[in-house]
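Asker: Protein chains in written order, with this note's numbering: chain A, 26 to 314; chain B, 5 to 138. All C-beta atoms, glycine included, are put in the ideal place defined by N, C-alpha and C.
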Ligand SMILES: [Fe+2]
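1. Does any residue of chain B have a CB that is nearer than 9 Å to the CB of residue 47/A?
2. Taking 8 Å as the line, does the beta carbon of residue 229/A fall inside it for any heavy atom of ligand 1?
3. Cβ of residue 112/A versus every heavy atom of ligand 1: is any distance shorter than 8 Å?
4. Can you list, in chain order, the residues of its chain whose CB lies under 7 Å from that of residue 140/A, leaving out five sequence neighbours each side?
5. May I ask which residues mark the beginning and end of the beta strand (DSSP E) holding residue 214/A?
6. May I ask you to list the residues that DSSP assigns as paired with residue 304/A?
7. Would you identify the three-state DSSP class for residue 130/B, choosing helix, strand or coil?
8. Taking 7 Å as the limit between beta carbons, can you name the residues of its chain near residue 10/A, skipping five residues before and five after?
9. So, is residue 252/A buried or exposed, given that buried needs 16 or more other C-beta atoms within 10 angstroms?
10. Would you mind working out which of 298/A, 271/A, 66/A sits nearest residue 55/A, comparing C-alpha positions?
11. What residues come near ligand 3, if near means a beta carbon less than 7 Å from any of its heavy atoms?
12. I believe residue 20/B touches residue 183/A by the beta-carbon criterion, under 8 Å. Please report the beta-carbon distance rounded to the nearest angstrom.
13. Return no unless some Cβ of chain B is closer than 9 Å to the Cβ of residue 224/A.
14. Is residue 84/A close to chain B, meaning its C-beta is less than 9 Å from at least one C-beta of that chain?
15. Bridge partners for residue 99/A per DSSP, in chain order?
16. Would you please verify whether the beta carbon of residue 216/A is less than 9 Å from any beta carbon of chain B?
17. I'd like the list of long-range same chain contacts for residue 68/A, defined as Cβ closer than 7 Å, with 5 residues on each side in sequence excluded.
18. Mind reading off the beta-carbon distance from residue 156/A to residue 100/A? Whole number of angstroms is fine, and I expect it under 8 Å.
19. Evaluate residue 226/A with the Cβ neighbour count: other Cβ atoms within 10 Å of its Cβ, from every protein chain shown; 16 or more gives buried, anything less gives exposed.
20. Hey, could you find the ends of the alpha helix (DSSP H) residue 29/B is sitting in?
21. Could you run through the region 17-31 of chain B and flag, in chain order, every residue whose CB is less than 7 Å away from some CB of chain A?
22. Examine the Cβ distances between the region 259-266 of chain A and the region 11-30 of chain B and report whether three or more of them are shorter than 8 Å.
Written out as C-alpha cells, the structure reads:
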C-alpha cells in the first residue's frame, strides 16, 4: 500500500534557482541560505521517497490569464522546466508516477474536490526550486531520484483557496494515497512563502515574528492555523505571503501527530524570507526503528 | 451588497483580484507573451507594431512604453506578468521592487539585507497617511 510518511515546507524563491544554476551558492549572500538545506539533503536521501507530491503555484508562466484553475493536478507523463523569460532552468525533466496521479485525480473528484486535470504541462521555479534545494545540483542529463506529482494552486489572482480548503484537500490526498495498492513511500512538499511582497510601494515587507509563529503552529496547532483568514497573510506577511496556504495541503496530508525534524529560516533571498521545515509522522518513525 | 474588500486599506499594495484581472486582461496577456524568445525578439524589433496586436487601453499601452511599473499595476497589471516585461529589459525581481518602491535599487537591496521592511507602521493606510507617505 502507498503511504505518506513525511512532509516538507519550503520557499521556492526563483533567485535561489538562479544562484544554483550560476554556481554562486558559496558567495556570502547565498551561503546562509543554502547552509540550512545541507541537513535536508541528507534527510531526503535517507528517506528514499518513491514519489514526491509537490504542491506549488505557477507564476503566470504556464498558466496565462485565459484559464485560472484553483487546483490543477499534473497527470502528464513528464513535465519540462519552462522558459520564464530568461531561458528554462538547466535541470532534469520531472517524471510523473502517472498511475498514482490518475488514481489521485479520480479519488479527489469523488471526494468532492473538483480539480483540473493537466495532461500536458511545463513547470516553473515554483516546482523546480524546491526539487533543487532538497536534492542538490542536477544537470539536464541527470535524473531526479524520485517521481513527482505536481499540484498547482492558484495564489496569483485573489482569492486563493482558503487555508481550511487547502488543509482538507491535504486530507483527501492522504485518503487517495492510502487507497493505492502499490507499495510506495510518498513525501508531500508544500511550497512558497514565507513573508514577502514583490509589488508596489510596500514591496520588501518581511515579518519574522509572523513567520515564526506559522512554523511553530504548523506542528502543534495545524487546524487553528489553517483557519487564518487571507487578510492576515496579506497585511502581516505581504501580498505574496498568501502563498503559504499551500503549506496547509502538506500538513493536512500528514498525521495529527508529527515531529519537527528540521527547520531553517533566513532573510533575505532576493525579496523574500526563506522558510523551511521537515515534519515526520510519529508513527512512521516508530515503524522505522 | 458588495463583496467586502478588506484588503483595500493595506498601504502601498494592490491585491490582484478578479476586478483587476478583468481590467488588466490584455495588458497581462501581452506581458506573458514575452516569456517566449521569438516574441521578445519581435517586441524588441518594433514595440509599437507588437503592441498593436493587444487590445489594451491607451493608458496601459503608454505605461508599457514608459515602463511605468507602478502605473502598470494601477491599471490592472499583476506583478508576475509585469515582471516578464522587466525580465525582457534585463531587470530582475529585486531590481523591479527597488524601482516600484521609489527607493532605488541599491537602497532597496540594503533594506532587504538589513531584514526587510518592518510591518510596524505599514499595516494600514491611515498609518501611511499620518506619516505623509503616499
Ligand atoms: Fe511563488
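Answerer: The short version:
1. Chain B contact via Cβ: absent.
2. It does not: the Cβ of residue 229/A is nowhere closer than 8 Å to a heavy atom of ligand 1.
3. In this structure, the C-beta of residue 112/A stays at least 8 Å away from each heavy atom of ligand 1.
4. Spatial neighbours of residue 140/A in its own chain (CB-CB distance under 7 Å, excluding positions within 5 residues in sequence) are listed in chain order as 96, 97, 98, 130, 133, 134.
5. Its beta strand (DSSP E) spans residues 210-216.
6. As DSSP reads the structure, residue 304/A sits in a beta bridge with 32/A, 285/A.
7. Under the three-state reduction of DSSP, residue 130/B is assigned to helix.
8. The question about residue 10/A has no answer, for chain A in this structure spans 26 to 314.
9. Residue 252/A comes out exposed.
10. That would be 298/A, whose Cα lies nearest to the Cα of residue 55/A.
11. Judged by which ligands are present, ligand 3 is missing from the structure shown, whose ligands are ligand 1.
12. Rounded, the Cβ-Cβ distance is 6 Å, consistent with contact.
13. It does; some Cβ of chain B falls within 9 Å.
14. Chain B has a Cβ within less than 9 Å of the Cβ of residue 84/A.
15. DSSP lists 143/A as partners of residue 99/A.
16. Not an interface residue.
17. Around residue 68/A, the same chain offers 286, 287, 303 as residues with beta carbons nearer than 7 Å, after the five sequence neighbours per side are excluded.
18. Between residue 156/A and residue 100/A a beta carbon distance of about 19 Å is seen, past the 8 Å cut, so the two are scored as non-contacting.
19. Burial is judged here by how many other beta carbons sit within 10 angstroms of a residue's own beta carbon; residue 226/A has at least 16 and is buried.
20. Element bounds for residue 29/B: 29-37.
21. Under the 7 Å Cβ criterion, the region 17-31 of chain B contributes 17, 18, 19, 20, 21, 22, 25, 29.
22. These segments touch.
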